[in-house]
Amino acid sequence: MLSSTAEYALRAIVHLATSPESHCTAAAIAEKTKVPAGYISKVLQDLAREGIVLSQRGPNGGFLLARAPEKISLLEVINAVDPICRITECPLGIPGHGKNLCPLHSSIDAAAALLERHYGNTTVEEMARESRSGTRCLFPVAHPKST
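Okay, here's the thing in structure tokens:
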């Protein structure tokens, strides 16, 4: 349902929300969230560009949340790196359909709308609270696919 990029961004944001006392380096975030270092650096740059995280260079540098975690929705994080795609007109370009979606495309768009609503109503603080409680797995290790 979400791209790897969106999931990695969410992992990074939740990690930052549970470590608010200091700047976290990209390397530390990559290690804690089980995300490749080069990939997380790009994701963090996208989040900084959108004003979700702050970055500071130098020996005491790293990343911090730009706002309190209860002020950041999961949808905002997702949209910063890989927005949920909505279907606003016939993706097949069928003449006469225009904005009148067929049942299939209407159903796909309705599912996307549900995702937007859910992620828009869920804050980073809610996810951080779950992580701090220790009742949930924060970052499961991905197992490589066998070929």
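Taking this note's numbering, the leading residue of the sequence shown gets 1, the next gets one more, and so forth. Each residue gets a CB set at the ideal place from its N, CA and C atoms; glycine is no exception.
Candidates the options, of which the one nearest residue i by Cα
{"i": "residue 5", "options": "24, 106, 79, 95", "result": "79"}
{"i": "residue 89", "options": "11, 112, 38, 105", "result": "105"}
{"i": "residue 58", "options": "8, 76, 26, 77", "result": "26"}
Where residue i sits in the DSSP three-state scheme
{"i": "residue 54", "result": "strand"}
{"i": "residue 19", "result": "coil"}
{"i": "residue 75", "result": "helix"}
{"i": "residue 62", "result": "strand"}
{"i": "residue 33", "result": "helix"}
{"i": "residue 88", "result": "coil"}
Beta-carbon proximity of residue i to residue j, cut-off 9 Å
{"i": "residue 84", "j": "residue 67", "result": "no"}
{"i": "residue 102", "j": "residue 64", "result": "no"}
{"i": "residue 44", "j": "residue 12", "result": "yes"}
{"i": "residue 116", "j": "residue 75", "result": "yes"}
{"i": "residue 109", "j": "residue 3", "result": "no"}
Alpha-carbon spacing of residue i relative to residue j, whole angstroms
{"i": "residue 1", "j": "residue 62", "result": "30 Å"}
{"i": "residue 15", "j": "residue 114", "result": "25 Å"}
{"i": "residue 130", "j": "residue 98", "result": "43 Å"}
{"i": "residue 122", "j": "residue 94", "result": "37 Å"}
{"i": "residue 9", "j": "residue 107", "result": "27 Å"}
8 Å contact criterion, which residue i and residue j should meet: CB distance rounded
{"i": "residue 231", "j": "residue 124", "result": "Within the shown structure, residues of the chain are numbered from 1 to 147, placing residue 231 beyond reach of any answer."}
{"i": "residue 40", "j": "residue 30", "result": "4 Å"}
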